[in-house]
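Each number in our numbering comes from the position in the sequence shown (counting from 1) with 596 added on. This report concerns only the one structure given below.
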Amino acid sequence: MGRRKKRRQRENSTEAVVKRQRNGHSRQTQTQGQKEESQSFTTPDGQVLPAELKKYWRSRHNFFWRFDEGIQIDEEGWYSVTPEIIAEDTAVRIAQLYNDRRKKADYGRICVIDAFCGVGGNTIKLAEWCEHVIAIEIDPQRLEMARNNAEVYGVAERIEFILGDFYQLAPTLKADVVFMSPPWGGPEYTGASVFDLDSMPSHSAQEWVDCARSICANIAFFMPRNCDPLQLTALAPDLSCDIELNYTSGFFKAITAYYGDLALYGSSDPRRLM
Ligand code: MGP
Ligand code: SAH
Numbered sequence: 597m598g599r600r601k602k603r604r605q606r607e608n609s610t611e612a613v614v615k616r617q618r619n620g621h622s623r624q625t626q627t628q629g630q631k632e633e634s635q636s637f638t639t640p641d642g643q644v645l646p647a648e649l650k651k652y653w654r655s656r657h658n659f660f661w662r663f664d665e666g667i668q669i670d671e672e673g674w675y676s677v678t679p680e681i682i683a684e685d686t687a688v689r690i691a692q693l694y695n696d697r698r699k700k701a702d703y704g705r706i707c708v709i710d711a712f713c714g715v716g717g718n719t720i721k722l723a724e725w726c727e728h729v730i731a732i733e734i735d736p737q738r739l740e741m742a743r744n745n746a747e748v749y750g751v752a753e754r755i756e757f758i759l760g761d762f763y764q765l766a767p768t769l770k771a772d773v774v775f776m777s778p779p780w781g782g783p784e785y786t787g788a789s790v791f792d793l794d795s796m797p798s799h800s801a802q803e804w805v806d807c808a809r810s811i812c813a814n815i816a817f818f819m820p821r822n823c824d825p826l827q828l829t830a831l832a833p834d835l836s837c838d839i840e841l842n843y844t845s846g847f848f849k850a851i852t853a854y855y856g857d858l859a860l861y862g863s864s865d866p867r868r869l870m
């Protein structure tokens, strides 16, 4: 008997059909309602989310430890928000820019642009550590979520929220530091062994870095963990660059490239403004 015929016989045997039905895998018996249910899940507060976001929802307190106090996150927000511990490390490092250790009063007295604020994961931490944050977001609903979330953390008054396209707004902005965490093209970014810096939606990594440089030379660029560090360094070959690998609970999550004077400072300073 041919292999294919044998397999068809096995698949159609009563035992196999019963097993498939017991596991809920029988196509004929699955109703439309059941199908929709397996493609989505409902959170305890009634939000219906696609099933593939469940792993992010389970980590909700790693994204915002105050999640239960009214934090709002939409679909793109769930898979893009920076884990709080990483956002805090980045903010601490940025706050140390121009920190003269003899003049403690200058600590964090800088203006930082969060060019892609999303639901505010980085914006909130930057506002906890730095005097003034300009948060830019192209999506109006997500900008409002970021504002709400900053209020939950009590830092909204230090943040100027701007609805718009960072690429177009850049020539009108002034700041000491630009932090960028642009969209990488969805969670599928891990599909390639090395992330292609030209593959991001709307603008390449080089265009974003050049855009940020039109404001200042101190840039922090939050990028996929499968980026080639040498390629990130080459985006600003005339500036100092330090590549930081970002981990949470032992898992490698992303890479932050620091350019300019930011490349010269390490993180971990215990002082913060909030
Ligand atoms: P991930 O790979 O989707 O999650 O993103 P995880 O938990 O590592 O999944 P795993 O199953 O591969 O292990 C890792 C982190 O990268 C997320 O927590 C976000 O902080 C960040 N991130 C992911 N995406 C798709 C984006 C994005 O498009 N833009 C930005 N700025 N950050 C992203
Ligand atoms: N760091 C954020 C996540 C950023 S995800 C956090 O921790 O919450 C990237 C965000 O950039 C998305 O919300 C997307 O809407 C926004 N965005 C995309 N293109 C933009 C542009 N040209 N200007 C400003 N924001 C943009």
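Glycine included, every Cβ here is placed at the ideal spot set by N, Cα and C.
In or out: residue i buried (at least 16 other Cβ within 10 Å) or exposed?
{"i": "Gly760", "result": "exposed"}
{"i": "Gln635", "result": "exposed"}
{"i": "Thr625", "result": "Confidence at Thr625 is low in this model, with a pLDDT of 40, below 50, so its placement is unreliable and no value can be given for it."}
{"i": "Ser676", "result": "buried"}
{"i": "Thr719", "result": "buried"}
{"i": "Leu649", "result": "buried"}
{"i": "Asp685", "result": "buried"}
{"i": "Arg606", "result": "Bear in mind that the predicted position of Arg606 carries a pLDDT of just 40, short of 50, making it too unreliable to give a figure here."}
{"i": "Gln643", "result": "exposed"}
{"i": "Pro778", "result": "buried"}
{"i": "Leu826", "result": "exposed"}
{"i": "Ala742", "result": "buried"}
{"i": "Leu858", "result": "buried"}
{"i": "Ala723", "result": "buried"}
Of all Cβ atoms in chain D, is any one closer than 8 Å to the Cβ of residue i?
{"i": "Phe791", "result": "Given the protein chain composition of this structure (a single chain), no chain D is represented."}
How about residue i: is its Cβ closer than 7 Å to a heavy atom in the ligand SAH?
{"i": "Arg821", "result": "no"}
{"i": "Val715", "result": "yes"}
{"i": "Arg738", "result": "yes"}
{"i": "Gly711", "result": "It is Ala, not Gly, that sits at residue 711 in the sequence shown. Result yes, Cβ under 7 Å from the ligand SAH."}
{"i": "Ile732", "result": "yes"}
{"i": "Ala683", "result": "yes"}
{"i": "Glu672", "result": "yes"}
{"i": "Asp735", "result": "yes"}
{"i": "Ser798", "result": "yes"}
{"i": "Asn814", "result": "no"}
{"i": "Asn842", "result": "no"}
Give the straight-line distance between the Cα atoms of residue i and residue j, rounded to the nearest whole angstrom.
{"i": "Ile815", "j": "Ile730", "result": "14 Å"}
{"i": "Pro640", "j": "Arg654", "result": "12 Å"}
{"i": "Ala813", "j": "Val773", "result": "8 Å"}
{"i": "Gln692", "j": "Leu860", "result": "10 Å"}
{"i": "Asp824", "j": "Cys713", "result": "24 Å"}
{"i": "Arg698", "j": "Gly666", "result": "Caution is warranted here: a pLDDT of 47 is assigned to Arg698, below 50, making its placement in the model unreliable, and the coordinate value is therefore given only provisionally. Going by the C-alpha atoms only, they are around 40 Å apart."}
{"i": "Ala732", "j": "Gly787", "result": "A quick correction: the sequence has Ile, not Ala, at residue 732. Taking the straight line joining both Cα atoms gives about 29 Å."}
{"i": "Asp834", "j": "His728", "result": "28 Å"}
{"i": "Ile709", "j": "Glu753", "result": "15 Å"}
{"i": "Ser810", "j": "Thr638", "result": "44 Å"}
{"i": "Glu840", "j": "Tyr749", "result": "26 Å"}
{"i": "Pro820", "j": "Ser789", "result": "11 Å"}
{"i": "Tyr855", "j": "Asp838", "result": "7 Å"}
{"i": "Ala771", "j": "Gly704", "result": "13 Å"}
{"i": "His621", "j": "Lys849", "result": "With a pLDDT of 37 at His621, under the threshold of 50, the modelled position of that residue is not reliable, and no figure is offered here."}
{"i": "Gln668", "j": "Arg662", "result": "11 Å"}
{"i": "Ala853", "j": "Ser836", "result": "10 Å"}
{"i": "Lys721", "j": "Ala683", "result": "6 Å"}
{"i": "Gln802", "j": "Ala830", "result": "9 Å"}
{"i": "Tyr763", "j": "Phe757", "result": "16 Å"}
Ends of the alpha helix (DSSP H) at residue i?
{"i": "Arg684", "result": "Here residue 684 is Glu; the residue named in the question, Arg, does not match the sequence. Glu680 to Ala691 is the span of the alpha helix (DSSP H), which, as asked, contains Glu684."}
{"i": "Ala816", "result": "Not the alpha helix (DSSP H): Ala816 falls in the beta strand (DSSP E), residues Ile815 to Pro820."}
{"i": "Thr719", "result": "Gly717 to Trp725"}
{"i": "Pro736", "result": "Pro736 to Val748"}
{"i": "Leu557", "result": "Because the chain is modelled from 597 through 870, residue 557 falls outside the range shown and cannot be assessed."}
{"i": "Phe660", "result": "No alpha helix (DSSP H) holds Phe660; DSSP gives it neither H nor E."}
{"i": "Ser676", "result": "Glu671 to Ser676"}
Could you give the first and the last residue of the continuous beta strand (DSSP E) run that contains residue i?
{"i": "Leu826", "result": "Premise fails: Leu826 lies in the alpha helix (DSSP H), Pro825 to Thr829, not in any beta strand (DSSP E)."}
{"i": "His728", "result": "His728 to Glu733"}
{"i": "Ala853", "result": "Phe847 to Tyr855"}
{"i": "Tyr553", "result": "Because the chain in this structure spans residues 597 to 870, residue 553 falls outside the shown range and cannot be described."}
{"i": "Phe757", "result": "Ile755 to Leu759"}
{"i": "Asp806", "result": "Where Asp806 is concerned, there is no enclosing beta strand (DSSP E), although the alpha helix (DSSP H) it sits in stretches over Ala801 to Arg809."}
{"i": "Phe637", "result": "Ser636 to Thr638"}
{"i": "Val774", "result": "Val773 to Met776"}
{"i": "Asp710", "result": "Cys707 to Asp710"}
Beta carbon of residue i: closer than 7 Å to some heavy atom of the ligand MGP?
{"i": "Ser676", "result": "yes"}
{"i": "Ala850", "result": "yes"}
{"i": "Thr786", "result": "yes"}
{"i": "Val663", "result": "Here the sequence assigns Phe to residue 663, which means Val is not the residue at that position. No."}
{"i": "Phe660", "result": "no"}
{"i": "Ser777", "result": "yes"}
{"i": "Phe762", "result": "no"}
{"i": "Pro679", "result": "yes"}
{"i": "Pro833", "result": "no"}
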